[in-house]
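Accompanying notes for the structure given below.
Chains as they are written, first to last, in my numbering: chain P, 1 to 111; chain X, 1001 to 1113.
This is how it looks when you write it as structure tokens:
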């Protein structure tokens, strides 16, 4: 069974204080690893897809990286508007098209 | 462009009452459709998914059912709500097996009282 574990569950950062979120996964062949951002009371919003170890993607202050066992979401010089829950999910190469989600990293950036 | 609509945004229902949540997708054909429930501290729980009209797979035995009467319409229902059905319900769609992930709707906050 595909499993995704995210840590830390919750993180409080001062504005400008860079940090990283971790997503550890086990899957029988990785088709893709996905990062989403979710604001309170809203649906998850797609951020990145990573397909193979060594791949990196960036968007504004966010950078996602991938190894064979985990992914990191680096937040550089965060701003209060980066406060959200970040969800990680994996999709297996074989079987159905379903995503297995982690429980999320809740990030609060304090001005 | 593809869009997904989910309604209502919030709903308060008494125990024992019926439920119907609707989700529609625009701008794509033959999408895979999903219903998730999100509870605090438990992450996203897949309830149902559908790969075509009338084709529904259930992930978790429960008080809920799903139907897909049209290609781009997905409905979540219950005949009699329980307190434990409270939560944030999300509809999502994807296309094929291309690894593009899911696109989510805006969600429905259901409170059963």
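Idealized CB from N, CA, C, for every residue including glycine.
Given this structure, state the Cα-to-Cα distance separating residue i from residue j, to the nearest angstrom.
i, j, result
"residue 103(P)", "residue 12(P)", "17 Å"
"residue 99(P)", "residue 35(P)", "11 Å"
"residue 1011(X)", "residue 65(P)", "39 Å"
"residue 1111(X)", "residue 5(P)", "28 Å"
"residue 1054(X)", "residue 9(P)", "38 Å"
"residue 95(P)", "residue 1102(X)", "16 Å"
"residue 19(P)", "residue 76(P)", "7 Å"
"residue 53(P)", "residue 26(P)", "14 Å"
"residue 2(P)", "residue 108(P)", "28 Å"
"residue 1060(X)", "residue 56(P)", "35 Å"
"residue 1077(X)", "residue 16(P)", "46 Å"
"residue 1016(X)", "residue 1067(X)", "20 Å"
"residue 1057(X)", "residue 1086(X)", "21 Å"
"residue 1052(X)", "residue 42(P)", "26 Å"
"residue 85(P)", "residue 105(P)", "5 Å"
"residue 1150(X)", "residue 78(P)", "The displayed coordinates of chain X run from 1001 to 1113. Any statement about residue 1150(X) would go beyond what the structure contains."
"residue 32(P)", "residue 1009(X)", "30 Å"
"residue 1005(X)", "residue 1092(X)", "10 Å"
"residue 111(P)", "residue 67(P)", "32 Å"
"residue 46(P)", "residue 1065(X)", "27 Å"
"residue 24(P)", "residue 83(P)", "22 Å"
Considering Cα atoms alone, identify which of the options is closest to residue i.
i, options, result
"residue 1075(X)", "1083(X), 1103(X), 1022(X), 1004(X)", "1022(X)"
"residue 1037(X)", "44(P), 37(P), 32(P)", "44(P)"
"residue 81(P)", "2(P), 14(P), 3(P)", "14(P)"
"residue 1013(X)", "1064(X), 1082(X), 1093(X)", "1082(X)"
"residue 48(P)", "42(P), 92(P), 71(P), 7(P)", "71(P)"
"residue 1108(X)", "1042(X), 1035(X), 1056(X)", "1035(X)"
"residue 40(P)", "1008(X), 1088(X), 1072(X)", "1088(X)"
"residue 1029(X)", "1045(X), 1066(X), 1072(X)", "1072(X)"
"residue 91(P)", "84(P), 101(P), 83(P), 85(P)", "101(P)"
"residue 59(P)", "67(P), 74(P), 69(P)", "74(P)"
"residue 1106(X)", "1049(X), 1024(X), 1062(X), 1020(X)", "1024(X)"
"residue 1049(X)", "1019(X), 1032(X), 1018(X)", "1032(X)"
"residue 1063(X)", "1091(X), 1019(X), 1092(X)", "1019(X)"
"residue 1084(X)", "1094(X), 1091(X), 1040(X)", "1040(X)"
"residue 1044(X)", "51(P), 93(P), 88(P)", "88(P)"
"residue 1090(X)", "1007(X), 1001(X), 1003(X), 1002(X)", "1007(X)"
Give a yes or no on whether the minimum CB-CB distance between residue i and chain P is below 7 Å.
i, result
"residue 1032(X)", "yes"
"residue 1086(X)", "no"
"residue 1016(X)", "no"
"residue 1027(X)", "no"
"residue 1110(X)", "no"
"residue 1074(X)", "no"
"residue 1044(X)", "yes"
"residue 1050(X)", "no"
"residue 1054(X)", "no"
"residue 987(X)", "Beyond the ends of chain X as shown, which are 1001 and 1113, falls residue 987(X); an answer cannot be given."
For a cutoff of 7 Å on Cβ pairs, would you count residue i as touching chain X?
i, result
"residue 34(P)", "yes"
"residue 44(P)", "yes"
Does any CB atom of chain B fall closer than 7 Å to the CB of residue i?
i, result
"residue 1058(X)", "As a matter of chain content, chain B is missing from the structure shown, whose protein chains are P and X."
Along the region 92-111 of chain P, where does the CB come closer than 7 Å to a CB of chain X? Name the residues. 97, 98, 99, 101, 102, 103, 104
I'd like the ranges of any beta strand (DSSP E) spanning at least 3 consecutive residues and lying wholly in the region 55-83 of chain P. 56-59, 62-66, 70-75
Name the residues in the region 44-66 of chain P whose C-beta lies less than 8 Å from a C-beta of chain X; which are they? 44, 45, 46, 49, 51
Just list the beta strand (DSSP E) runs in the region 14-48 of chain P, keeping only unbroken ones of 3 residues or longer that don't cross its boundaries, in chain order. 19-26, 30-38
Considering only residues of the region 1017-1064 of chain X, which uninterrupted beta strand (DSSP E) runs meet the minimum length of 3 residues and lie entirely inside it, listed in chain order? 1019-1026, 1032-1039, 1043-1052, 1055-1058
Residues of the region 16-35 of chain P whose Cβ lies closer than 7 Å to any Cβ of chain X, in chain order: 31, 32, 34
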